[in-house]
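Peer 1: The structure follows.
Protein chains: 2
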Amino acid sequence: MDSDTKAGLTLAAFLPYRLSVLSNTISGAIAARYDAAFGISIRQWRVMAVLGEGEALTATEIVARTAMDKVAVSRAVADLETRELIARAASTRDARQSVLSLTGQGREIYAEIAPMALDYEREVLAALSQTELETLTRLLDRLAGAASPDRPLW
Amino acid sequence: MDSDTKAGLTLAAFLPYRLSVLSNTISGAIAARYDAAFGISIRQWRVMAVLGEGEALTATEIVARTAMDKVAVSRAVADLETRELIARAASTRDARQSVLSLTGQGREIYAEIAPMALDYEREVLAALSQTELETLTRLLDRLAGAASPDRPLW
DNA sequence: ATGATTTAGTTTCAAATGTAACTAAATCGA
DNA sequence: TCGATTTAGTTACATTTGAAACTAAATCAT
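Chains as they are written, first to last, in our numbering: chain A, 1 to 154; chain B, 1 to 154.
Encoded structure:
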């Protein structure tokens with residue numbers, strides 16, 4: 001029997017590992033920039049990013065749009081509120097929820113970070129042609145569908 | 001001026017975000033399985049995975065192959081050693097380092113987890129044809145090259 | 001209506017992580 | 001060859017994170 005006949009797992013070739021390293025490298029590089037400039041964490045940025053799209057949102061809606069859990073959202077929101085980057089308005093229909101939106105200051109910072117993030121994305125994506133980017137997007141969507149934990153298992 | 005003209009960042013379409021969610025979904029799904037079965041964390045598994053490839057390695061070599069930092073490796077190694085899944089042998093050439101390898105028990109667990117991980121990978125990759133997988137691999141490599149923080153910046 | 005359950009969001013506590021400081025051995029340079 | 005620097009790995013401390021428990025409001029079922 002060949003002692004080199006292993007389970008066939010080579011970490012460097014294992015897709016989940018490769019995705020993880022790539023994702024951490026990219027997210028880390030962007031986060032390093034806005035953290036250095038504004039002291040904002042990735043999670044805080046995600047909250048700002050969805051609010052920056054325009055709509056005011058409740059915490060639960062932020063959870064749905066950011067793939068963060070509610071505790072993480074609660075904490076990010078609390079920090080951003082303390083720093084007056086987002087504001088909380090009482091909801092008229094449900095006293096448990098508040099409607100969150102960027103403050104003027106929050107919008108200013110958003111307006112600085114968003115182009116920073118997009119620039120970096122462009123920089124990395126410059127390695128791909130337009131067609132390749134479309135292909136990549138399609139394949140990632142397909143994988144996301146296959147990997148999504150909320151698909152029925154039966 | 002159009003008040004909807006934002007910085008043009010939509011989180012759901014932002015590649016770094018999409019990669020991050022996909023990566024966490026996939027890694028999380030696999031980790032949930034081996035954590036439930038053996039109480040092993042992602043980082044511990046990565047150390048086992050590179051040792052499972054065959055060669056005995058020093059901590060520094062593990063750092064190089066896993067994209068983990070040395071503190072994380074040190075801690076994962078310490079835990080795995082306590083659980084007697086890896087063993088430490090004094091290095092002959094450098095008294096500061098030890099040479100690490102899986103124990104018999106470690107190899108047994110490795111032999112159970114590796115197929116589990118590969119099965120899940122296969123399951124997800126089933127969403128892609130062989131050609132698409134090759135394309136994806138190529139594109140991810142390309143992105144990794146472009147994103148790699150160790151490339152010269154000047 | 002009103003008690004039982006669900007939902008929104010927060011708090012608490014333990015575990016995981018990152019950064020910096022540290023120890024000990026190896027290498028470098030005069 | 002011996003002091004200065006670098007390297008391997010660990011430890012200590014502060015911060016972040018995750019899970020579970022919790023509070024308060026809404027909805028559901030009778």
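Note that CB positions come from ideal geometry on N, CA and C, so glycine has one too.
Which residues in the same chain have their Cβ closer than 7 Å to the Cβ of Ser-129 of chain A, if we skip the five residues on either side of it in sequence?
Peer 2: By 1-based counting over the first sequence, the position of residue 129 of chain A is 129. Same-chain partners within the cutoff: there are none.
Peer 1: What residue range is occupied by the uninterrupted beta strand (DSSP E) comprising Ala-88 of chain B?
Peer 2: As a working note, residue 88 of chain B is residue 88 in the second sequence. Position check: residue 88 of chain B holds Arg in this sequence, whereas Ala was assumed. Residues 86-90.
Peer 1: Could you give the distance in angstroms between the alpha-carbon of Ala-37 of chain B and the alpha-carbon of Ala-59 of chain B?
Peer 2: Locating residue 37 of chain B in the second sequence gives position 37, where the first residue counts as 1. Locating residue 59 of chain B in the second sequence gives position 59, where the first residue counts as 1. For Ala-37 of chain B and Ala-59 of chain B, the distance between alpha carbons rounds to 26 Å.
Peer 1: Would you mind telling me which residues of chain B sit closer than 9 Å to Arg-46 of chain A, beta carbon to beta carbon, in chain order?
Peer 2: As a working mapping, residue 46 of chain A is identified with position 46 in the first sequence. In chain order: Leu-11 and Tyr-17.
Peer 1: Straight-line CA distance for Lys-70 of chain B to Val-63 of chain B?
Peer 2: Position 70 of the second sequence, counted from the start, is the residue given in the question as residue 70 of chain B. Position 63 of the second sequence, counted from the start, is the residue given in the question as residue 63 of chain B. Their Cα atoms are separated by approximately 6 Å.
Peer 1: Please classify Ala-126 of chain A as buried or exposed, where buried requires at least 16 neighbouring CB atoms within 10 angstroms.
Peer 2: As a working note, residue 126 of chain A is residue 126 in the first sequence. Exposed, because fewer than 16 other Cβ atoms sit within 10 Å of the Cβ of Ala-126 of chain A.
Peer 1: Classify Met-1 of chain B as helix, strand or coil using the three-state DSSP reduction.
Peer 2: Taking the first residue of the second sequence as 1, we reach residue 1 of chain B at position 1. Confidence at Met-1 of chain B is low in this model, with a pLDDT of 46, below 50, so its placement is unreliable and no value can be given for it.
Peer 1: The beta strand (DSSP E) with Leu-100 of chain B in it runs from where to where?
Peer 2: In the second sequence, residue 100 of chain B corresponds to position 100, counting from 1. 98-102 is the extent of the beta strand (DSSP E) around Leu-100 of chain B.
Peer 1: I want to see whether chain A comes within less than 9 Å of Phe-38 of chain B, judged by CB atoms only; does it?
Peer 2: Reading the second sequence from its first residue, position 38 is the one you call residue 38 of chain B. False, the Cβ-Cβ gap to chain A never drops below 9 Å.
Peer 1: Mind reading off the beta-carbon distance from Ala-146 of chain B to Val-124 of chain A? Whole number of angstroms is fine, and I expect it under 8 Å.
Peer 2: Sequence index remark: in the second sequence, residue 146 of chain B carries index 146 (1-based). Sequence index remark: in the first sequence, residue 124 of chain A carries index 124 (1-based). Contact holds; Cβ gap of about 5 Å.
Peer 1: In the DSSP assignment, find the alpha helix (DSSP H) that holds Phe-38 of chain A and state where it starts and stops.
Peer 2: Walking along the first sequence from the start, residue 38 of chain A turns up at place 38. Residues 15-38.
Peer 1: To the nearest angstrom, report how far apart Asp-2 of chain B and Ala-111 of chain A are at their CA atoms.
Peer 2: As a first step, residue 2 of chain B is located in the second sequence; it is residue number 2 there, counting from the start. As a first step, residue 111 of chain A is located in the first sequence; it is residue number 111 there, counting from the start. Caution applies to Asp-2 of chain B, whose pLDDT of 44 falls short of 50 and renders its modelled position unreliable; the model cannot decide the point.
Peer 1: Which residues in the same chain have their Cβ closer than 6 Å to the Cβ of Tyr-17 of chain B, if we skip the five residues on either side of it in sequence?
Peer 2: In the second sequence, counting from the first residue as 1, residue 17 of chain B sits at position 17. Around Tyr-17 of chain B: Leu-11.
Peer 1: From Ala-95 of chain B to Leu-80 of chain B, what distance separates their C-alpha atoms?
Peer 2: Locating residue 95 of chain B in the second sequence gives position 95, counting from the first residue. Locating residue 80 of chain B in the second sequence gives position 80, counting from the first residue. In a straight line, the C-alpha of Ala-95 of chain B is about 21 Å away from that of Leu-80 of chain B.
Peer 1: List the residues of chain A whose Cβ lies closer than 9 Å to the Cβ of Ser-129 of chain B, in chain order.
Peer 2: Taking the first residue of the second sequence as position 1, residue 129 of chain B is located at position 129. The premise fails here: Ser-129 of chain B is roughly 10 Å from chain A at the closest Cβ pair, so nothing lies under 9 Å.
Peer 1: Go ahead and pull the three-state DSSP assignment for Met-128 of chain B.
Peer 2: Numbered from its first residue, the second sequence carries residue 128 of chain B at position 128. Just to set this straight, residue 128 of chain B is Leu in the shown sequence, not Met. Leu-128 of chain B: coil per DSSP, three-state reduction.
Peer 1: Given a limit of 7 Å on CB to CB distance, which residues of the stretch 134-149 of chain B reach chain A?
Peer 2: Taking 7 Å as the Cβ-Cβ cut-off against chain A, the residues of the stretch 134-149 of chain B that qualify are Thr-135, Leu-136, Leu-139, Leu-140, Arg-142, Leu-143, Ala-144, Gly-145, Ala-146, Ala-147, Ser-148 and Pro-149.
Peer 1: Mind checking which residues open and close the alpha helix (DSSP H) that includes Met-48 of chain A?
Peer 2: Numbered from its first residue, the first sequence carries residue 48 of chain A at position 48. Where Met-48 of chain A is concerned, the enclosing alpha helix (DSSP H) stretches over 42-52.
Peer 1: Between which residues of its own chain and Tyr-34 of chain B is the CB-CB distance below 7 Å, once the five residues before and five after are set aside?
Peer 2: Position 34 of the second sequence, counted from the start, is the residue given in the question as residue 34 of chain B. Closer than 7 Å at the Cβ level, and outside the excluded window around Tyr-34 of chain B, lie Ile-40, Trp-45, Ile-113 and Met-116.
Peer 1: Looking at chain A, is there any beta carbon in it that lies within less than 9 Å of the beta carbon of Arg-33 of chain B?
Peer 2: Within the second sequence, numbered from 1, the residue matching residue 33 of chain B stands at position 33. By this cut-off, Arg-33 of chain B is not an interface position.
Peer 1: Thinking Leu-19 of chain B and Leu-19 of chain A are a contact (beta carbons under 8 Å), I'd like their distance in whole angstroms, please.
Peer 2: In the second sequence, residue 19 of chain B corresponds to position 19, counting from 1. In the first sequence, residue 19 of chain A corresponds to position 19, counting from 1. At roughly 7 Å, the Cβ-Cβ gap stays under 8 Å, so Leu-19 of chain B and Leu-19 of chain A are in contact.
Peer 1: Helix, strand or coil: which one does DSSP assign to Leu-57 of chain B?
Peer 2: Residue mapping note: residue 57 of chain B aligns to position 57 of the second sequence, counting from 1. Strand at Leu-57 of chain B.
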